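Before any comments, here is the structure.
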Amino acid sequence: MPKNDEGMTQSVQATRRHVLQETNWDAVNEAGAYVERGSGDLYRFPKEALIPGASPCIVKESRGASVLVKVSEDPFITSFKARLLAAQHNIEPNF
Numbered sequence: 000m001p002k003n004d005e006g007m008t009q010s011v012q013a014t015r016r017h018v019l020q021e022t023n024w025d026a027v028n029e030a031g032a033y034v035e036r037g038s039g040d041l042y043r044f045p046k047e048a049l050i051p052g053a054s055p056c057i058v059k060e061s062r063g064a065s066v067l068v069k070v071s072e073d074p075f076i077t078s079f080k081a082r083l084l085a086a087q088h089n090i091e092p093n094f
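Mapping of the sequence shown onto numbering that gives the first Met the number 0: residues 0 to 94, in sequence order.
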């Protein structure tokens with residue numbers, strides 16, 4: 000532990016984590032890497048995929064509501080770093 004000038008131990012202050020942006024499939028309008036909260040799957044959305052009418056078109060059909068959590072603005076973030084960020088925000092990664 001760090002010591003202060005008087006030789007006493009000093010507690011380490013907790014760092015505040017930032018809140019990750021949550022969205023649903025229909026509202027994804029920014030490039031980035033997203034993790035689905037329920038399944039833990041990683042989805043990468045490059046800016047080219049978000050151009051209306053552009054290919055590839057991403058379609059997901061499901062009976063349940065699906066929440067995506069944006070873990071990075073970089074759609075090509077390493078899987079390791081994306082797993083770490085997901086786990087730090089209590090999302091069990093499945094990739």
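Backbone N, C-alpha and C define an ideal beta-carbon position, used for all residues, glycine too.
Nothing here was measured: the structure is a model prediction, and the numbers come from that model.
{"Item": "Sequence-distant residues of its chain with Cβ nearer than 6 Å to Ala-32 (five each side left out)", "Value": "Arg-43, Val-70, Ser-71, Pro-74, Ile-76, Ala-81"}
{"Item": "Beta strand (DSSP E) runs contained entirely in the segment 15-70, provided each spans 3 or more residues", "Value": "21-23, 31-35, 41-44"}
{"Item": "Backbone secondary structure at Phe-79 - three-state DSSP", "Value": "helix"}
{"Item": "CA-to-CA distance, Glu-29 to Phe-94, given in whole angstroms", "Value": "22 Å"}
{"Item": "Minimum C-alpha distance to Val-18 - residue among Glu-60, Pro-92, Gln-87", "Value": "Gln-87"}
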